[in-house]
Each structure stands twice: as C-alpha cells, then as structure tokens.
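Q: The numbering used here applies: residue -9 is where the sequence shown begins, and numbers increase by one. We treat Cβ as the ideally placed atom computed from N, Cα and C, and that holds for glycine. Got a structure here, written out as structure tokens. Questions coming.
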Amino acid sequence: MDYKQFQRYSQTLSIKSNLQPQHITFKSTQNLNLELRDPRYPASSGVEKDDIVETEGAGEVEKPVKQERKITGWRWPVLVISIVSAIFLYCLDTNLTSILIPVLLAEFGEASKLPWIFVGFSLGAITFVLPVGKLYTIFPAKHLYLAFLTLFAIGSGLCGAAQSMNMLIIGRVIAGAGGIGLYTGIIVVLSSITTVEERPSYIGLVGICWSLGRVLGALFGGALGPSSWRWGFYANLVICGLFTPVYLTQIPPLDPLSHPSKNSPTPPLLPRLRTFDHLGAVLNTLILTGLIMGISFGGLQYAWSSPPIILLFTISTISLLLFAIQQKSCFLTTPTTRLFPVAILNIPEIWLVFTVSACCTTGGFLALEYMSLYFQLVRGESTIGAAIRLLPMIGCMAVVMPLTGIVMPKVGHVLWWPIVGSVVAVIGGVGLARLETDTTSLWVYTPQVLLGIGFALYLQIAYATMPSYVPAEQKGNAMTMVIISQMGSIAFCLAIAGSIFTNISLSNLSFLFPDQDRTVLQEAISGTSGEFIKGLSGRQREEVLDVLLGGLRIV
C-alpha cells in the first residue's frame, strides 16, 4: 500500500489529513497492522517509532507523542553553549594557523615544510572520519567526546610549545585528529539530547559557530605578534579547561549499546574493542593519506610525474581496491561491524542527500576561503581587513541558518529548500566569478549576501533528512555519512582547489619572472609574504594581480 492508497483508506476511518505522518501505525478490528513512511515528511515531522502511543478500538490512529527534552532549566543553555564552543575552538584553531604563517616562518624558518602545516591537519582530520564515526556506534559518546577533546587540547598545546617546525607539524596532525572526533561528538551529542522538532535549529548552531570562528580566528590571529603567537594555541587549553566541568557533569553517557528497557548489562570495554574493524581502518588511512598528500604536493614540492607522487597515488589506489574487497567480503570483520556503512548504500535517497550536503558544504567554505584570498592578494587588505569584509556572507548565514531550522519543520516541502538555495547560491557564485581588481563594493558584497543566504537554506538539511531513510539500527551509520559528506568534502575540495590555484598561478608567475626564486613566488601566492608584490613596478604589479585573479576565478 503506497501513501496515496493510505490517504484514501484513511478517509473511511475519518482520519484528519493534517497528521502528515512519517511513521504511523494503526490497528483495526481485523488486527490490520500497517506501517507507512511518507518520504515528503522525513525527520522534520517529529514522529519516531518509539513515540507511538498504543490505543484500542477499531479504526483508531495511534497518535504521536511530542517529545520532551530531559535536560531543562539553567542546565540546558549552559550545556549547549559549552558544546558548541568546542566547534568554535576547532574552526578558530584552523584559521588561526593560516593567519600566523608569516610569524611562524620568521620564528622557525624552513619554508619548504610550510605545506605540511596544512596537509598535516587535513590528514589528521580526514583519515579519522570513518573510524571516529564507527567508534561513536560502539562506545559511549560522552567518553569519546572527552577523549577527543583531550587529544585536541594536546595538539594545541604542542603547537603552542613548539620549538621547531617539525614539532608544530606533529601538533597539527594531533589537533586535526582530535578536532574531527570533537566535531563528530558534537553532532552525536546534540542529536541525542534534543527533540526531533528542535534538532535542526541546534544543529544549525554548529554552522554558525564555524562561520564565526572563521572571522574571529583571523581577527585574533591578526592581533597576535611575534612575542604572543603561542597564546593563540594556549587559549584553546584555557577554554577547554573552563568547560570541562560542564562536560563531566551535564552530558549523559549516551551509550549506543545500552538498552535500559531490557535490563541487560552493557558490554565491557574489550568485547566492544574487538568489534572495531581494525584492518578497514588501516586501509582507510592508507587510501586517504596517499591521496591527500599526492594532491597537496603534486606540482609544488614534486613534479606530478616524479616517483614520490606516483608512489603516493599507487599506494592509495591499491589500498582502495583492497579496502573494497575487504568491506565486501567482510574479511576480519562482519556485516554489522565493518568500517564503511555498506548496508545503506543501496538506498537512492542516501546518495541524493550525501551529494546535496557535500556540494553545499564545499561551496560555502570554498567561497569563504578564496574570498579572503581575493581581499588579501588582489585588494591588498590585511588579514583583519579581509576578515571584516567577509562579515556580510557570514552574517547572512548566522541569521538564516537558525531560521531555517525553525521554519523547515513547520513548512515541510524539504526537497524545495536545496533547490531554492542552490539557485540563489549560483547567482552569487556567478557574481564572484566576475570580480575584477577594481570592482565596486556593491558588487563585491552582493554575491556574498546571496551565497550566505543560499547555502544557509540547506546547509544542515542532511542531519534532519538522512536518518529518516534508514532503519533505526542504521541511524549511526547515516550520521557518519553526513559527517563524511561535510568534513570529507571540505578536506578534499580544499586540497584540490588549493592545488589548482597554486599550480596555475605559480606556472604563470614563473613565466613572468623566470629568474625569481620559486619559494618567493609560492609565498606570494599563499599570501604569507606581500613584500614581493609591493616591490614590483606598476605594470608588473598589474600583471601579477591579473594572474592571481585568474587563478581565483578558476577555483
């Protein structure tokens, strides 16, 4: 029986048409038991199978119970603020490092190792996405959240105490690994402690804090000097320590293997650990390490045809093949414990939501990243000035995202939100692609506003829709897919976009200045040194700006 047939049948039972169920079960005198899912009303309808009230009598529809949050009063705002502050720190740390590059080069030198600062953080983040997602389906979310918070703090502490570029790179890798675990934990915890109706609004806070961290990281980093840059990393330790008592006392255990209604003991640590797909995690790490390093270093540190780059891509390809075979055959794992959520890949809606989420996330953050470079490289703004000029886009996202979380569950029509948002964002993207060195402020800020509104309309839609397309036991895997679509796509696309922009710009600048040292040109492209551009004559400076603007347009 499809949904239209159910609607006709429901009229004979005098069922009101405004119920709009996600999961509705009703019983008749013939013990007819039907379960229907209307794809037009996913998680935003607020009805879960566990929320059904048993009723008696022929033709009576089981009415959904409105969920009530267990944490209330003053504890709730304190807990939410402490949780979302962690994602703010994660983004703040990411952007702070980019701003401090000139100071770090002056402190440690070794400009040849500069790409490792960014690649190391990306590697630590992206290689842990799948393993971390699986860990959150095995161990209590509270314990993992605190563990990754500690790991992130250790990485930040190492960066602050770094005495060499190598120590700084190690700290960035550790911070990246801890940060992705922290981000996953934030999503899991917020999804677990909020009701279905309010969940999109609170998940939207994550995007807002990320955007604010993008701006404040630049402002904070720009205010630090050669003698105070270490406090940019130590500040993370202070804030983490400030909120740790809240994490310890207010976050519930959130054990995924606990069944309070069944009165059964929870599994101990060792049996849980045995269910983890260790071989899959190793192969996953090899795949992503080879791919990210190959993309990031190809054409910059090494030629694309050089043995190191070929070796990296070869390792990645072979590992991918072995990973696919291992996951398909469940070698040293089981269908329920394998690392990759294969069981939900045959659901078309999963791929649709995954693609929409990935495109929206990468579009928004690529626009922020390269608009900042436009202001610094082409318009000659300082890092603080560039951050201020990004406020129109970030401000629109900060306003529209929470409104979307409130309005979407009430309005419905979920499929229209990404369509409308994409149209608005495409118009803004066209405006960005037409920027010139002397574009007026109106045409610089208008595309930002359109991009901010467009992406904010559906940036967090995946968290509300994807779990509704999978069985209850696969919701953890669905959330993992959402996080992969966001964090994985950001890491991949930033690496690819950075490689395209840097290789094209470096090639054209090398043609203009064949006798100039390659390292100087790389620093000019990355924005870490403006001395080269400032020392050029008027005509040469215009040619360089045209090259940089051309690279930005391609990205």
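Please state if the CB of residue 171 and the CB of residue 202 are separated by a distance shorter than 8 Å.
A: The residue labelled residue 202 in the question sits at position 212 within the sequence shown. The residue labelled residue 171 in the question sits at position 181 within the sequence shown. The answer is no: Cβ separation not under 8 Å.
Q: Just verifying my parser: in three-state terms, what is the DSSP assignment at residue 459?
A: Position 469 of the sequence shown, counting from 1, holds the residue named residue 459. Residue 459 falls in the helix class under three-state DSSP.
Q: Alpha helix (DSSP H) containing residue 376: first to last residue?
A: Here residue 376 refers to the residue found at position 386 of the sequence shown. From DSSP, the alpha helix (DSSP H) with residue 376 extends over 373 to 379.
Q: Cα-Cα, which of 408, 69, 427 and 107 is closest to residue 85?
A: As a position in the sequence shown, residue 85 is number 95, starting the count at 1. For the residues 408, 69, 427 and 107, the minimum Cα distance to residue 85 belongs to 107.
Q: Under the three-state reduction of DSSP, which class applies to residue 171: helix, strand or coil?
A: Here residue 171 corresponds to residue number 181 of the sequence shown, with the count starting at 1. Residue 171: helix per DSSP, three-state reduction.
Q: Hey, would you say residue 411 sits closer than 8 Å to residue 442, going by beta carbons?
A: Indexing the sequence shown from 1 puts residue 411 at position 421. Indexing the sequence shown from 1 puts residue 442 at position 452. No. Outside cutoff.
Q: By DSSP, does residue 126 sit in helix, in strand, or in coil?
A: For this step, residue 126 is matched to residue 136 along the sequence shown. DSSP places residue 126 in coil when its eight states are reduced to three.
Q: How many Å lie between residue 193 and residue 524 at the Cα?
A: Here the question's residue 193 lines up with position 203 in the sequence shown. Here the question's residue 524 lines up with position 534 in the sequence shown. Using only the alpha carbons, I get a separation of about 44 Å.
Q: Assign residue 239 to one of two classes, buried (16 or more other C-beta atoms within 10 Å of its C-beta) or exposed (fewer than that).
A: As a position in the sequence shown, residue 239 is number 249, starting the count at 1. Exposed.
Q: Answer with buried or exposed for residue 326, where buried requires no fewer than 16 other C-beta atoms within 10 angstroms of its C-beta.
A: Counted from its first residue, the sequence shown places residue 326 at position 336. Exposed is the call here.
Q: How big is the Cα-Cα spacing for residue 528 and residue 495?
A: Locating residue 528 in the sequence shown gives position 538, counting from the first residue. Locating residue 495 in the sequence shown gives position 505, counting from the first residue. Using only the alpha carbons, I get a separation of about 19 Å.
Q: Name the DSSP beta bridge partners of residue 288, please?
A: Residue mapping note: residue 288 aligns to position 298 of the sequence shown, counting from 1. Partner(s): 292.
Q: Ignore the nearest five residues each way along the sequence and tell me which others in residue 544's own chain have a CB closer than 8 Å to its CB.
A: To locate residue 544, count along the sequence shown from 1; it is residue 554. Closer than 8 Å at the Cβ level, and outside the excluded window around residue 544, lie 490, 491 and 494.
Q: Are residue 285 and residue 485 close, meaning C-beta to C-beta below 8 Å?
A: Within the sequence shown, numbered from 1, the residue matching residue 285 stands at position 295. Within the sequence shown, numbered from 1, the residue matching residue 485 stands at position 495. Closer than 8 Å, so yes.
Q: Could you round the C-beta distance between residue 230 and residue 143 to whole angstroms and report it? I think they count as a contact, below 8 Å.
A: Reading the sequence shown from its first residue, position 240 is the one you call residue 230. Reading the sequence shown from its first residue, position 153 is the one you call residue 143. With 8 Å as the limit, residue 230 and residue 143 qualify as a contact, their Cβ atoms being about 5 Å apart.
Q: Count the CB pairs spanning the segment 306 to 322 and the segment 146 to 162 that are closer than 8 Å, and state whether there are at least three.
A: Judged by Cβ distances under 8 Å, the segment 306 to 322 makes no contact with the segment 146 to 162, as fewer than three pairs qualify.
Q: Are residue 120 and residue 163 close, meaning C-beta to C-beta below 8 Å?
A: Looking up residue 120 in the sequence shown gives position 130. Looking up residue 163 in the sequence shown gives position 173. No.
Q: Taking 8 Å as the cut-off, decide whether the C-beta atoms of residue 470 and residue 63 are in contact.
A: Along the sequence shown, read from residue 1 onward, the residue named residue 470 stands at position 480. Along the sequence shown, read from residue 1 onward, the residue named residue 63 stands at position 73. No.
Q: Less than 7 Å between C-beta atoms, sequence neighbours within five positions excluded: which residues of the same chain meet that for residue 275?
A: As a working note, residue 275 is residue 285 in the sequence shown. Closer than 7 Å at the Cβ level, and outside the excluded window around residue 275, lie 117.
Q: Three or more C-beta pairs under 8 Å: does that hold for the segment 339 to 354 against the segment 130 to 138?
A: With the cut-off at 8 Å, the segment 339 to 354 and the segment 130 to 138 do not touch.
Q: Whole angstroms are fine: how far does the CA of residue 408 sit from the CA of residue 337?
A: Sequence index remark: in the sequence shown, residue 337 carries index 347 (1-based). Sequence index remark: in the sequence shown, residue 408 carries index 418 (1-based). About 19 Å.
Q: Ignore the nearest five residues each way along the sequence and tell me which others in residue 537's own chain have a CB closer than 8 Å to its CB.
A: If you number the sequence shown from 1, residue 537 lands on position 547. Excluding positions up to five away in sequence, the list reads 495, 498, 499 and 502.
Q: Please check the pair residue 59 and residue 184, which I expect to be a contact at CB under 8 Å, by giving their CB distance rounded to whole angstroms.
A: For the purposes of this step, residue 59 is taken as the residue at position 69 of the sequence shown. For the purposes of this step, residue 184 is taken as the residue at position 194 of the sequence shown. Sure, about 7 Å apart at Cβ, within 8 Å.
Q: On a Cα-Cα basis, can you pick out the residue from 81, 175, 82 and 105 that is closest to residue 243?
A: Translated into the one-based positions of the sequence shown, residue 243 becomes position 253. For residue 243, the nearest C-alpha among the options comes from 175.
Q: Whole-angstrom Cβ separation of residue 355 and residue 198, contact assumed at under 8 Å?
A: On the sequence shown, residue 355 is found 365 positions in, with the first residue counted as 1. On the sequence shown, residue 198 is found 208 positions in, with the first residue counted as 1. Wrong, their Cβ atoms sit about 14 Å apart, outside the cutoff.
Q: How about residue 374 and residue 212: are their beta carbons less than 8 Å apart?
A: In the sequence shown, residue 374 corresponds to position 384, counting from 1. In the sequence shown, residue 212 corresponds to position 222, counting from 1. A contact, by the Cβ cut-off of 8 Å.
Q: Is it buried or exposed, residue 179, if we count other Cβ atoms within 10 angstroms and call 16 or more buried?
A: Counting from one through the sequence shown, the residue named residue 179 turns up at place 189. That one is buried.
Q: Which same chain residues, not among the five before or five after residue 271, have their C-beta less than 7 Å away from its C-beta?
A: Here residue 271 refers to the residue found at position 281 of the sequence shown. Closer than 7 Å at the Cβ level, and outside the excluded window around residue 271, lie 121 and 329.
Q: Excluding five sequence neighbours on each side, which residues of the same chain lie with their C-beta closer than 6 Å to the C-beta of residue 220?
A: Stepping through the sequence shown from its first residue, residue 220 is reached at position 230. 150.
Q: Residue 403 lies in the alpha helix (DSSP H); which residues open and close that run?
A: The residue given as residue 403 occupies position 413 in the sequence shown. Counting along the chain, residue 403 falls outside any alpha helix (DSSP H), and DSSP gives it neither H nor E.
Q: Just how far apart, CA to CA, sit residue 147 and residue 161?
A: Position 157 of the sequence shown, counted from the start, is the residue given in the question as residue 147. Position 171 of the sequence shown, counted from the start, is the residue given in the question as residue 161. Spanning the two alpha carbons is a distance of roughly 8 Å.
Q: Please state the DSSP three-state secondary structure of residue 525.
A: The residue labelled residue 525 in the question sits at position 535 within the sequence shown. If DSSP states are grouped into helix, strand and coil, residue 525 belongs with coil.
Q: Report yes if the C-beta distance between residue 333 and residue 476 is below 8 Å; otherwise report no.
A: Against the sequence shown, residue 333 aligns to sequence position 343. Against the sequence shown, residue 476 aligns to sequence position 486. For residue 333 and residue 476, no; Cβs fall outside 8 Å.
Q: What does the alpha-carbon distance come out to for the pair residue 487 and residue 130?
A: Taking the first residue of the sequence shown as 1, we reach residue 487 at position 497. Taking the first residue of the sequence shown as 1, we reach residue 130 at position 140. Approximately 37 Å, taken between the alpha carbons.
Q: Are the beta-carbon atoms of residue 159 and residue 110 separated by less than 8 Å?
A: By one-based count along the sequence shown, residue 159 stands at place 169. By one-based count along the sequence shown, residue 110 stands at place 120. Yes.
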